[in-house]
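Worksheet for the structure shown next.
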Amino acid sequence: MEIRYLGLLTYSDALGIMESLHQEIVEKPKREGVLLVVQHPPTVTMGKRELYDDMKIPPEQLKFKGIAFHKIDRGGSVTVHEPGQVVVYPIVHMDKLNKSVRIYVNLLEEAMISTAAQFGVSVTRDEINPGVWVGQNKIGAVGIRIANKVTKHGIAFNVTNSLETFSSIVPCGLRGRGVINLQMAVDELSVSQNLPLARIDYLKVEKILAEEIHKLLN
499 MEIRYLGLLT
509 YSDALGIMES
519 LHQEIVEKPK
529 REGVLLVVQH
539 PPTVTMGKRE
549 LYDDMKIPPE
559 QLKFKGIAFH
569 KIDRGGSVTV
579 HEPGQVVVYP
589 IVHMDKLNKS
599 VRIYVNLLEE
609 AMISTAAQFG
619 VSVTRDEINP
629 GVWVGQNKIG
639 AVGIRIANKV
649 TKHGIAFNVT
659 NSLETFSSIV
669 PCGLRGRGVI
679 NLQMAVDELS
689 VSQNLPLARI
699 DYLKVEKILA
709 EEIHKLLN
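In terms of the working numbering, the sequence shown opens at residue 499 and continues consecutively.
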């Protein structure tokens, strides 16, 4: 499976690349899968569960705050993308994966759990809601779609992003739950252990996470 690092790219541009690759693999099922690894400018996406009550700011007003808005065909409700968040879109034929959808989602979550563990942070699953958590705070989201037996969309893992854009929504429709990034979780751990604070290298985390997904899906 190929890994493509796209850097900082608008959601529209990344979506175009993803859809093009998705169609290629639909037409050529034996084609090698691709992991698109990207960051997005501030963006809110709404999945197939169109729950506008989860929007604290009407979609048409987001642009005045410099936030893009997209309605898309993945599962789930609303979520946020920001610079400093690792986004990975696996595009692969399910026949090549040879795994159930449930196992596929579990492997995406496992990659985020394993990545956080390399920085000493304990991340867990929620029995009801997809994604991964540090306590009651969400650090990684999963939202996928499988069309014509080929995966698209994927995960978003908070690393050094500001989390400011999350104030525009109820993340994934879960009231009473917060959000956190890996830097904050590492800082909290350092303070609790009376250790000096250390800045996380975003690109290092990006590479670790992409390679974890690559390993687990191969």
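Just so you know, even glycine gets a beta-carbon here, dropped at the ideal spot from N, CA and C.
Taking the straight line between their C-alpha atoms, what separation do you get for Glu607 and Asn716? Distance from the CA atom of Glu607 to the CA atom of Asn716, rounded to whole angstroms, is 15 Å.
Under DSSP, the beta strand (DSSP E) around Asn635 begins and ends at which residues? Taken as a continuous stretch (DSSP letters only), the beta strand (DSSP E) holding Asn635 covers 635-645.
By the DSSP assignment, the beta strand (DSSP E) with His579 in it spans what residues? His579 -> beta strand (DSSP E) spans 576-579.
Could you round the C-beta distance between Val679 and Asn646 to whole angstroms and report it? I think they count as a contact, below 8 Å. Note on residue identity: the sequence assigns Asn, not Val, to residue 679. Distance from Asn679 to Asn646 at the Cβ level is roughly 35 Å; contact not present, criterion being Cβ atoms closer than 8 Å.
Where do the N-terminal and C-terminal ends of the beta strand (DSSP E) with Val585 fall, by residue? For Val585, the enclosing beta strand (DSSP E) covers residues 583-589.
For Leu571, collect the residues of the same chain with a Cβ closer than 6 Å to its Cβ; drop the 5 residues on either side in sequence, then sort them by chain order. Checking the sequence shown, residue 571 turns out to be Asp, not Leu. The answer, listed in chain order, is Arg643.
Using the rule of at least 16 other Cβ atoms within 10 Å of the residue's Cβ for burial, across every protein chain shown, is Gln583 buried or exposed? By the 16-neighbour rule on beta-carbons within 10 angstroms, Gln583 is buried.
Taking His538 as part of the beta strand (DSSP E), name the residues at either end of that continuous run. Per DSSP, His538 lies in no beta strand (DSSP E) segment and is marked neither H nor E.
Could you give the distance in angstroms between the alpha-carbon of Ser612 and the alpha-carbon of Val630? Here the C-alpha atom of Ser612 lies approximately 11 Å from the C-alpha atom of Val630.
Report yes if the CB atom of Leu533 is closer than 8 Å to the CB atom of Ile565, and no otherwise. Against a cut-off of 8 Å, the Cβ pair of Ile565 and Leu533 comes out as no contact.
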